[in-house]
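Enquirer: Take a look at the following structure, please.
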Amino acid sequence: MKFLLGILFTVFVAIVGIFITVTSGVINIGADQAHSPLVYDFLETARTRSIEHASKNILVPDLEKAEMISSGGADYKDMCAGCHLSPGVTSTDLSSGLHPKPPNFTKANIVKRYQSEAGARQSFWAIKHGIMASGMPAWGATHDDDRIWAMVAFIRSLPNLNENQYTMLTTRLDDSMLDMSFDGEMDMSGDGSEMQH
Numbered sequence: 001m002k003f004l005l006g007i008l009f010t011v012f013v014a015i016v017g018i019f020i021t022v023t024s025g026v027i028n029i030g031a032d033q034a035h036s037p038l039v040y041d042f043l044e045t046a047r048t049r050s051i052e053h054a055s056k057n058i059l060v061p062d063l064e065k066a067e068m069i070s071s072g073g074a075d076y077k078d079m080c081a082g083c084h085l086s087p088g089v090t091s092t093d094l095s096s097g098l099h100p101k102p103p104n105f106t107k108a109n110i111v112k113r114y115q116s117e118a119g120a121r122q123s124f125w126a127i128k129h130g131i132m133a134s135g136m137p138a139w140g141a142t143h144d145d146d147r148i149w150a151m152v153a154f155i156r157s158l159p160n161l162n163e164n165q166y167t168m169l170t171t172r173l174d175d176s177m178l179d180m181s182f183d184g185e186m187d188m189s190g191d192g193s194e195m196q197h
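First residue of the sequence shown? That's 1 in full-length UniProt numbering, and the numbers climb one at a time after it.
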C-alpha cells in the first residue's frame, strides 16, 4: 500500500511541477532557436509514432509514373520549396527561420525514407494533415488526394533533378500560354509588332 501511495504521490508532484513550469512562462517558445535535445527528442518521437500509426492503412498508388511525378512539380514549387528547398538553393527566408529545420528534400539521404511504401504513406499523411506547431500546413484542406500523391511522387524524384530539370517540371503553364498560336509569321523587324497573320 505504501508503495502505491508513493507512486501516486510521485505522479502528483510531477504533474504539479509540469503545471507550474508551463504556467510560469519560463519556457521559451520562440521559433528563432532550436529546442533543447530532450524536448526535440520527445517531439520527434511523438511525431514519428503518430504519423506511423495514422498512415498504416493508406493505399499507395503507383508513384513511378512519369505523369504522376511531373504533375506534382508545380504544386511543390508553389507550396513546399520555400521551406523544403529546391536544387541549387541552400536556404530561404522561411527555411532559415524555422526550428526544427524542415527536411531538405533535395538531399537523397533525407528523401530515402520516403522511397518505401511505408515512407510514402507517411509523407502523404503529413502533407495532407500537416503537423501541429511545426509550420507544416494541412494541404488536404485545399488539395485532393491525387494532387497530394503527385507531390509525394515529385518529392521522391527531387534529389535526382538538376536546376534545369527542376525548372521544367515545376513551371505552371497558364491558359494564355497554352492558347498561344504560332501559325502566323513572326515579325523580326523589331518595330514592336509581335505577329502577323
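Idealized CB from N, CA, C, for every residue including glycine.
1. Please list the terminal residues of the continuous alpha helix (DSSP H) segment that includes residue 201.
2. When DSSP labels each residue in this structure, what does Ile29 get in the three-state scheme?
3. According to DSSP, simplified to helix, strand and coil, what is Ile155?
4. Using CA atoms only, rank isn't needed, just tell me which of Ser70, Gly25, Met136 and Glu117 is closest to Leu173.
5. Excluding the 5 residues flanking Met136 on each side, which residues of the same chain have their C-beta closer than 7 angstroms to its C-beta?
6. Between which two residues does the alpha helix (DSSP H) holding Asp93 run?
7. Among Leu4, Val60, Thr48 and His99, whose alpha-carbon lies nearest the alpha-carbon of Gln115?
8. What residue range does the alpha helix (DSSP H) around Glu163 cover?
9. For Met68, which residues from the same chain have a beta carbon less than 6 angstroms from its beta carbon, with the 5 sequence-adjacent residues on both sides left out?
10. Using the beta-carbon count (16 or more within 10 Å), is Gly30 buried or exposed?
11. Quick one: any contact between the segment 89-102 and the segment 22-29, if contact means 3 or more CB pairs under 8 angstroms?
Expert: Reading it off the structure:
1. In the structure displayed, the chain extends from 1 to 197; residue 201 sits before or after that span and is not available.
2. Locating residue 29 in the sequence shown gives position 29, where the first residue counts as 1. DSSP places Ile29 in coil when its eight states are reduced to three.
3. Counting from one through the sequence shown, the residue named residue 155 turns up at place 155. In the structure shown, Ile155 sits in a helix (DSSP, three-state: H, G or I).
4. By 1-based counting over the sequence shown, the position of residue 173 is 173. Cα-wise, what sits closest to Leu173 is Ser70.
5. By 1-based counting over the sequence shown, the position of residue 136 is 136. Cβ within range, chain order: Ala126 and Gly130.
6. Your numbering for residue 93 matches position 93 in the sequence shown. That run of the alpha helix (DSSP H) goes Asp93 to Ser96.
7. The residue given as residue 115 occupies position 115 in the sequence shown. The option with the nearest alpha carbon to Gln115 is Val60.
8. Looking up residue 163 in the sequence shown gives position 163. Looking at the DSSP string, the run of the alpha helix (DSSP H) that includes Glu163 is Glu163 to Thr170.
9. The residue you call residue 68 lines up with position 68 of the sequence shown. The residues are Ala150 and Ala153.
10. In the sequence shown, counting from the first residue as 1, residue 30 sits at position 30. Counting Cβ neighbours within 10 Å, Gly30 comes out exposed, since fewer than 16 surround it.
11. Too few Cβ pairs lie closer than 8 angstroms, so no.
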